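A.B. asks: Below are the structure tokens for one structure; questions will follow.
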DNA sequence: GCAAATTTAATGTCAGACATTTAGACTTTT
DNA sequence: AAAAGTCTAAATGTCTGACATTAAATTTGC
């Protein structure tokens with residue numbers, strides 16, 4: 043094995059990288075069992091705790107799963123779309139919050155990406171997707187809805203639109219973009235009139251989707267982006283003036 | 043702490059989740075130092091190895107970094123775009139390779155997403171981005187280039203295009219989509235005539251970007267998608283016929 | 001007052017042990 | 001002979017205690 047015993051201050055990371063590379067290169071295939079921790083410790087000439095730390099690193103990335111008991115062990119894990127979603131959302135959210143990404147930049151990226159679904163969603167959306175979109179619009183127009191609940195429903199609306207494209211890869215890539223925006227959106231307080239305008243645009247988008255008019259969906263999303271950016275700019279300007 | 047001592051078979055995962063949630067919720071801020079491993083072990087009523095396994099899980103996701111020596115310890119890490127790129131690419135690549143995603147689906151998603159940069163890239167691209175695109179086109183027309191090198195250059199070309207949009211969030215989200223396609227593209231062997239057609243489309247896209255004609259970039263990408271899908275369909279049909 | 005040596009606090013690693021889980025083999029009973 | 005229960009072994013999960021290594025802080029020497 044290519045573990046460097048001269049640099050004994052990173053062994054678990056080295057071992058994790060070694061195994062990860064094997065998985066990526068396809069030299070360890072899905073559901074294949076890794077050697078037991080004791081055997082790995084032997085192979086790499088390290089102690090079992092060190093091997094375990096390496097395995098925990100891989101488990102954190104959903105690359106392996108472990109099973110206890112006889113004939114248990116560590117197995118190469120088939121990453122599900124759901125797990126990948128969750129990881130992507132966590133990473134995206136933290137990336138935005140920790141790097142002072144401006145609302146403007148994030149919003150621009152989010153709508154640019156979402157527009158890429160417009161044509162496909164208009165063409166392929168099922169009745170279920172349409173119903174989900176309509177249901178969220180209805181929820182959004184309920185009085186007494188908190189800003190957070192409004193934002194959550196907004197996310198659900200857009201995810202239904204994205205899922206309408208019926209392309210799991212597209213849904214996965216967009217999950218991060220759409221969900222990671224939520225904490226930023228939550229910084230905004232919406233007036234009743236703001237909500238009305240957003241809901242009207244959502245209705246426009248839902249109608250266009252129902253009519254399978256991709257260009258209209260595209261334009262609706264652009265209008266929604268302009269509306270959102272204007273609204274946010276107003277809120278931030280007002281907040282800045284108070285300080 | 044909310045660690046469940048009744049279920050003593052997942053302690054390190056529970057502790058990792060606990061700390062991760064604190065970071066996500068902003069209750070632990072960037073560069074803040076966590077308690078030492080011994081103190082954490084005390085707080086959670088577990089042993090140090092268990093705490094260490096939890097910390098390694100977090101380190102694997104770049105949520106913390108550790109430093110040795112006096113006044114060392116685990117610190118909340120500011121996730122850089124570069125780290126996030128790398129993670130996204132790993133996850134996306136494995137997701138595609140492990141879930142039998144068809145070339146068609148992945149290709150459709152990739153070009154749909156990339157088209158979302160067309161307008162912005164055409165508007166904002168710098169001379170550097172243009173030069174990078176031209177350089178890759180030149181490399182692609184070199185004779186004797188292996189298929190792998192051709193694909194790598196293709197990825198570099200598209201990343202230059204994406205980076206031209208000058209939106210780090212967009213670049214980050216697209217990195218996964220573009221790079222994860224590479225292993226799938228590598229399954230294809232390109233004839234000289236295939237390469238010519240692709241290079242011609244790349245030149246068309248570069249010209250449109252230089253002319254800041256967003257619609258032409260958009261159409262160029264669509265043409266490239268059609269070309270790629272046709273090419274791949276031919277290769278796969280031929281391969282199927284041989285078996 | 002500054003430079004070198006020492007101390008100290010922290011992570012990184014190791015060794016060995018026990019606890020717990022689980023599949024499979026074995027035994028017993030019906 | 002089949003079904004039920006029991007036992008065993010192999011593996012992960014955890015604990016204890018120790019030592020190695022690193023690097024900042026402190027003390028000492030001049």
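Residue numbers (the numbering used here), protein chains in the order written: chain A, 43 to 285; chain B, 43 to 285.
Where a beta carbon is used, it is the ideal one built from N, C-alpha and C, also for glycine.
Quick caveat: nothing in here was measured; it's all calculated off a predicted structure.
Which chain A residues sit within Cβ distance under 7 Å of residue 158/B?
C.D. replies: Translated into positions along the second chain, residue 158/B becomes position 116. Within chain A, the residues near residue 158/B are 154, 155, 157, 158.
A.B. asks: Using the three-state DSSP reduction, which class does residue 118/B fall into: helix, strand or coil?
C.D. replies: On the second chain, position 76 is the one that residue 118/B refers to. It is a strand residue.
A.B. asks: Throw me the rounded Cβ distance for the residue 273/B and residue 249/B pair, which I believe falls under 8 Å.
C.D. replies: As a working mapping, residue 273/B is identified with position 231 in the second chain. As a working mapping, residue 249/B is identified with position 207 in the second chain. Going by Cβ atoms, the distance from residue 273/B to residue 249/B rounds to 22 Å, so no, they are not a contact pair.
A.B. asks: Could you check which residue in 65/B, 276/B, 243/B, 214/B has the C-alpha nearest to that of residue 129/B?
C.D. replies: For the purposes of this step, residue 129/B is taken as the residue at position 87 of the second chain. Among 65/B, 276/B, 243/B, 214/B, the Cα nearest to that of residue 129/B is on 214/B.
A.B. asks: Of the choices 163/B, 224/B, 240/B, whose alpha-carbon is the least far from that of residue 209/B?
C.D. replies: Against the second chain, residue 209/B aligns to sequence position 167. For the residues 163/B, 224/B, 240/B, the minimum Cα distance to residue 209/B belongs to 163/B.
A.B. asks: Which chain A residues sit within Cβ distance under 8 Å of residue 66/B?
C.D. replies: Here residue 66/B is taken as the residue at index 24 of the second chain, counted from 1. In chain order: 132, 135, 136.
A.B. asks: Which residue from 219/A, 247/A, 229/A, 238/A puts its Cα closest to that of residue 203/A?
C.D. replies: Sequence index remark: in the first chain, residue 203/A carries index 161 (1-based). Nearest of 219/A, 247/A, 229/A, 238/A to residue 203/A, Cα basis: 247/A.
A.B. asks: Would you call the segment 183-198 of chain A in contact with the segment 262-278 of chain A, where contact means no fewer than 3 C-beta pairs closer than 8 Å?
C.D. replies: No: the two stretches stay apart, fewer than three of their Cβ pairs being nearer than 8 Å.
A.B. asks: I'd like to know if residue 140/B contacts chain A, where contact means its C-beta is closer than 8 Å to some C-beta of that chain.
C.D. replies: As a position in the second chain, residue 140/B is number 98, starting the count at 1. It does; some Cβ of chain A falls within 8 Å.
A.B. asks: Under a three-way DSSP split, which group does residue 108/B fall into?
C.D. replies: Here residue 108/B corresponds to residue number 66 of the second chain, with the count starting at 1. Residue 108/B: strand per DSSP, three-state reduction.
A.B. asks: Excluding the five sequence neighbours on either side, which residues of its own chain have a C-beta within less than 7 Å of the C-beta of residue 94/B, listed in chain order?
C.D. replies: Counting from 1 along the second chain, the entry for residue 94/B is found at position 52. So the qualifying residues of the chain are 79.
A.B. asks: In angstroms with no decimal places, state the Cα-to-Cα distance between residue 136/A and residue 229/B.
C.D. replies: Indexing the first chain from 1 puts residue 136/A at position 94. Indexing the second chain from 1 puts residue 229/B at position 187. Cα-Cα distance, rounded: 35 Å.
A.B. asks: Mind pulling the chain B residues with CB within less than 8 Å of residue 74/A?
C.D. replies: The count along the first chain starts at 1 and reaches residue 74/A at position 32. Correct list: empty, because the minimum Cβ distance to chain B is about 12 Å.
A.B. asks: For residue 149/B versus residue 270/B, is the C-beta distance shorter than 8 Å?
C.D. replies: The residue you call residue 149/B lines up with position 107 of the second chain. The residue you call residue 270/B lines up with position 228 of the second chain. Going by C-beta atoms, residue 149/B is nearer than 8 Å to residue 270/B.
A.B. asks: Pairing CB atoms from the segment 102-110 of chain A with CB atoms from the segment 80-94 of chain A, are three or more of them under 8 Å?
C.D. replies: At 8 Å Cβ cutoff, the stretches do not touch.
A.B. asks: Under 7 Å between beta-carbons, which chain B residues line up against residue 204/A? List them in chain order, please.
C.D. replies: Here residue 204/A refers to the residue found at position 162 when the first chain is read from its first residue. Ordered by position in chain B, no residue passes the 7 Å Cβ test against residue 204/A, which lies about 11 Å from the chain.
A.B. asks: Please state whether DSSP places residue 75/B in a helix, a strand or coil.
C.D. replies: Within the second chain, numbered from 1, the residue matching residue 75/B stands at position 33. Residue 75/B falls in the strand class under three-state DSSP.
A.B. asks: Would you mind working out which of 211/B, 138/B, 159/B sits nearest residue 145/A, comparing C-alpha positions?
C.D. replies: Residue numbering aside, residue 145/A sits at position 103 when the first chain is read from its first letter. Comparing Cα positions, the closest option is 211/B.
A.B. asks: For residue 184/B, which of 238/B, 198/B, 101/B has the nearest alpha-carbon?
C.D. replies: Residue mapping note: residue 184/B aligns to position 142 of the second chain, counting from 1. The candidate whose alpha carbon is nearest that of residue 184/B is 238/B.
A.B. asks: Taking Cβ positions only, does residue 147/A come closer than 8 Å to chain B?
C.D. replies: Along the first chain, read from residue 1 onward, the residue named residue 147/A stands at position 105. Output row for residue 147/A: interface = yes.
A.B. asks: Contact between the segment 168-187 of chain A and the segment 109-124 of chain B is defined here as three or more beta-carbon pairs at a separation below 8 Å; is this criterion met?
C.D. replies: Taking 8 Å as the limit for Cβ pairs, the verdict is that the segment 109-124 of chain B does not touch the segment 168-187 of chain A.
A.B. asks: Answer with yes or no whether the minimum CB distance from residue 256/B to chain A is below 8 Å.
C.D. replies: Here residue 256/B refers to the residue found at position 214 when the second chain is read from its first residue. False, the Cβ-Cβ gap to chain A never drops below 8 Å.
A.B. asks: Assign residue 178/B to buried or exposed, taking buried as 16 or more other Cβ atoms, counted over all protein chains shown, within 10 Å of its Cβ.
C.D. replies: Along the second chain, one-based indexing puts residue 178/B at 136. Buried.
A.B. asks: For residue 263/A versus residue 157/A, is the C-beta distance shorter than 8 Å?
C.D. replies: Reading the first chain from its first residue, position 221 is the one you call residue 263/A. Reading the first chain from its first residue, position 115 is the one you call residue 157/A. In this structure, residue 157/A lies closer than 8 Å to residue 263/A by Cβ.
A.B. asks: Report all residues from its chain with a CB closer than 7 Å to the CB of residue 222/A; omit the five preceding and five following residues, and keep chain order.
C.D. replies: Walking along the first chain from the start, residue 222/A turns up at place 180. Only 131, 134, 135, 138 meet the Cβ criterion.
A.B. asks: Whole angstroms are fine: how far does the CA of residue 102/B sit from the CA of residue 61/B?
C.D. replies: In the second chain, residue 61/B corresponds to position 19, counting from 1. In the second chain, residue 102/B corresponds to position 60, counting from 1. Going from the Cα of residue 61/B to the Cα of residue 102/B covers about 14 Å.
A.B. asks: If residue 54/B and residue 96/B are in contact, beta carbons under 8 Å, what's the gap, nearest whole angstrom?
C.D. replies: Against the second chain, residue 54/B aligns to sequence position 12. Against the second chain, residue 96/B aligns to sequence position 54. Confirmed, Cβ separation roughly 4 Å.
A.B. asks: Taking 8 Å as the CB-CB limit, is residue 69/A close to chain B?
C.D. replies: Your numbering for residue 69/A matches position 27 in the first chain. False, the Cβ-Cβ gap to chain B never drops below 8 Å.
A.B. asks: Taking only beta-carbon atoms, is residue 103/B less than 8 Å away from chain A?
C.D. replies: On the second chain, position 61 is the one that residue 103/B refers to. Closer than 8 Å: yes.
A.B. asks: Using the Cα positions of residue 83/A and residue 81/B, report the straight-line distance between them to the nearest angstrom.
C.D. replies: Numbered from 1 along the first chain, position 41 holds the residue referred to as residue 83/A. Numbered from 1 along the second chain, position 39 holds the residue referred to as residue 81/B. Taking the straight line joining both Cα atoms gives about 28 Å.
A.B. asks: Quick test of your reading: residue 206/B and residue 166/B, contact by CB under 8 Å. State the CB separation rounded to the nearest angstrom.
C.D. replies: As a first step, residue 206/B is located in the second chain; it is residue number 164 there, counting from the start. As a first step, residue 166/B is located in the second chain; it is residue number 124 there, counting from the start. About 6 Å separates the two Cβ atoms, so the contact holds.
A.B. asks: Out of 216/A, 75/A, 186/A, which one is the CA nearest neighbour of residue 152/A?
C.D. replies: Start at 1 with the first residue of the first chain, and residue 152/A comes out as number 110. Of the listed residues, the one whose Cα sits closest to residue 152/A is 216/A.
A.B. asks: Can you list, in chain order, the residues of its chain whose CB lies under 6 Å from that of residue 227/A, leaving out five sequence neighbours each side?
C.D. replies: Reading the first chain from its first residue, position 185 is the one you call residue 227/A. So the qualifying residues of the chain are 193.
A.B. asks: Three-state secondary structure (DSSP) at residue 57/A?
C.D. replies: On the first chain, position 15 is the one that residue 57/A refers to. If DSSP states are grouped into helix, strand and coil, residue 57/A belongs with the helices.
A.B. asks: To be precise: take each residue of the segment 210-221 of chain B, compare its Cβ to all Cβ atoms of chain A, and keep it if any distance is under 9 Å. Which residues remain?
C.D. replies: Those would be 210, 211, 212, 213, 214, 215, 216, 218, 219, in chain order.
A.B. asks: Would you say residue 77/B lies against chain A (beta-carbon separation less than 8 Å)?
C.D. replies: By one-based count along the second chain, residue 77/B stands at place 35. So no, residue 77/B is outside the interface.
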